[in-house]
Ligand code: AHM
Ligand code: MG
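Numbering (the working numbering), first residue to last: -2 to 331.
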């Protein structure tokens, strides 16, 4: 076979750390398997009549789609079965799920925060959606998982990744040693290494934001958007606007082509819309590992000390130079 599979790659990487017991490798493998099951369901959604709202409202006050529920169940049961994870926090659940609650000898030492199906409002219209995951090592040695085990800074993630259910399905992840991307080959049912050591260009010519909210944007973001729209042949401006409204797809494009994605605070959303633990931290870790940057505009995302699971934060992420420009505009505001 021409390409290395995800399974082979994980084993090979583990061999580079002779003292590692392979638990994280097994956890990543479990997530990869669940992603394939979810991909199968996403692909046949239109056929199987599982498309469309389930009629329940999730903790964020949004209508849950059937596929959200299915993806959530699939990932949680894969993590439970695998035995390496002691606690799952899912965007779909009010409270985290303690997988060790009834078992004081529970061997799992990893905490997984997951958005099982992000961008689900796009399902009905056949636009790319994604799964985002973030992995931490628990701090307390055993027993019931504590608040400090879960609410760790993004800086302490041991791994993070996403799955993009797009025109092809990809799994992209980092363990803090660069970012690698795998494309699902449906003919053999394997993720194959297609994008080794991904790097985001230092600068870009695309900006991504829900510009319909312009009147609500804070001043620095308004200024930056106007800067992107100015005519300047030297820097090839005006820049192109690209916004899918599906975070994984918008950030995957940003990582490959360079550019910036912003979901700022506004009067309507004083802390922005996106969730720190399920969306911003994992994406920040991945983008930083690929050579990019991620900020609230005022602070590095990975430095935020989380206070609650479903916390939201403004997000400015992408090519380092562009993120720095936005940060400078915020700094001038003071
Ligand atoms: P979700 O977690 O409910 O799917 O919402 C998150 C999504 C992101 O994928 C996307 O970046 C954002 O919401 C789009 O929001 P908006 O429609 O306000 O532009
Ligand atoms: Mg989401």
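Backbone N, C-alpha and C fix where the C-beta goes; we use that ideal spot for every residue, glycine too.
Among residues of its own chain, excluding the 5 on either side of residue i, which ones have a beta-carbon nearer than 8 Å to its beta-carbon?
i	result
residue 233	202
residue 36	160, 162, 166 and 181
residue 245	115, 116, 125, 126, 127, 128, 129, 159, 160 and 161
residue 94	73, 84, 85, 86 and 87
residue 273	151, 298, 301, 303, 308, 309 and 310
residue 225	204, 234, 235, 236 and 238
residue 164	125
Could you give the first and the last residue of the continuous beta strand (DSSP E) run that contains residue i?
i	result
residue 213	No beta strand (DSSP E) holds residue 213; DSSP gives it neither H nor E.
residue 260	257 to 260
residue 203	203 to 205
residue 127	126 to 134
residue 166	166 to 171
residue 87	82 to 87
residue 113	107 to 115
residue 244	Counting along the chain, residue 244 falls outside any beta strand (DSSP E), though it belongs to the alpha helix (DSSP H) covering 244 to 254.
residue 188	187 to 192
residue 156	156 to 162
residue 181	176 to 182
Can you give the Cα-Cα distance for residue i and residue j, rounded to whole angstroms?
i	j	result
residue 327	residue 188	41 Å
residue 151	residue 21	17 Å
residue 125	residue 183	17 Å
residue 279	residue 228	35 Å
residue 190	residue 6	8 Å
residue 132	residue 89	17 Å
residue 137	residue 143	7 Å
residue 215	residue 221	10 Å
residue 335	residue 284	Within the shown structure, residues of the chain are numbered from -2 to 331, placing residue 335 beyond reach of any answer.
residue 330	residue 205	22 Å
residue 26	residue 34	13 Å
residue 17	residue 0	25 Å
residue 314	residue 235	20 Å
residue 211	residue 41	37 Å
residue 298	residue 282	9 Å
residue 139	residue 252	38 Å
residue 262	residue 23	38 Å
residue 264	residue 9	49 Å
residue 209	residue 322	22 Å
residue 75	residue 213	41 Å
residue 240	residue 275	20 Å
residue 230	residue 325	23 Å
residue 19	residue 305	30 Å
residue 219	residue 13	47 Å
residue 11	residue 223	47 Å
residue 63	residue 122	14 Å
residue 198	residue 176	14 Å
Which same chain residues end up closer than 7 Å to residue i when comparing Cβ atoms and leaving out the 5 residues on each side of it in sequence?
i	result
residue 300	150 and 152
residue 69	87, 89 and 113
residue 80	104 and 105
residue 200	255, 316, 318 and 319
residue 168	3, 29, 32, 158, 160, 179 and 188
residue 358	Because the chain is modelled from -2 through 331, residue 358 falls outside the range shown and cannot be assessed.
How would you write the range of the alpha helix (DSSP H) that residue i sits in, first residue to last?
i	result
residue 329	317 to 330
residue 72	63 to 79
residue 281	278 to 286
residue 40	20 to 40
residue 12	3 to 12
Could you check which residue in the options has the C-alpha nearest to that of residue i?
i	options	result
residue 31	5, 78 and 242	78
residue 310	289, 200, 260 and 321	260
residue 196	174, 207 and 213	174
residue 312	304, 200 and 267	267
residue 98	135, 141, 58 and 119	141
residue 242	64, 19, 107 and 118	118
residue 294	67, 186 and 318	318
residue 289	263, 307 and 258	258
residue 302	63, 217, 148 and 275	148
residue 308	210, 237, 270 and 172	270
residue 194	211, 207, 287 and 145	287
residue 277	108, 292 and 264	292
residue 135	58, 109 and 305	109
residue 107	219, 226, 63 and 154	154
residue 120	146, 66 and 170	66
Whose C-beta lies closer than 6 Å to the C-beta of residue i among residues of the same chain, with five residues either side of it excluded?
i	result
residue 192	178
residue 111	72, 87 and 130
residue 250	none
residue 91	56
residue 353	Because the chain here runs from -2 to 331, residue 353 falls outside it and cannot be looked at.
residue 172	156
residue 145	136
Within 9 Å (strictly less), CB to CB, does residue i reach chain D?
i	result
residue 117	Structure shown: chain D not included; a single protein chain is present.
message: Strictly closer than 5 Å from CB to any heavy atom of ligand 2: give me those residues in the order they appear in the chain.
response: 112 and 115
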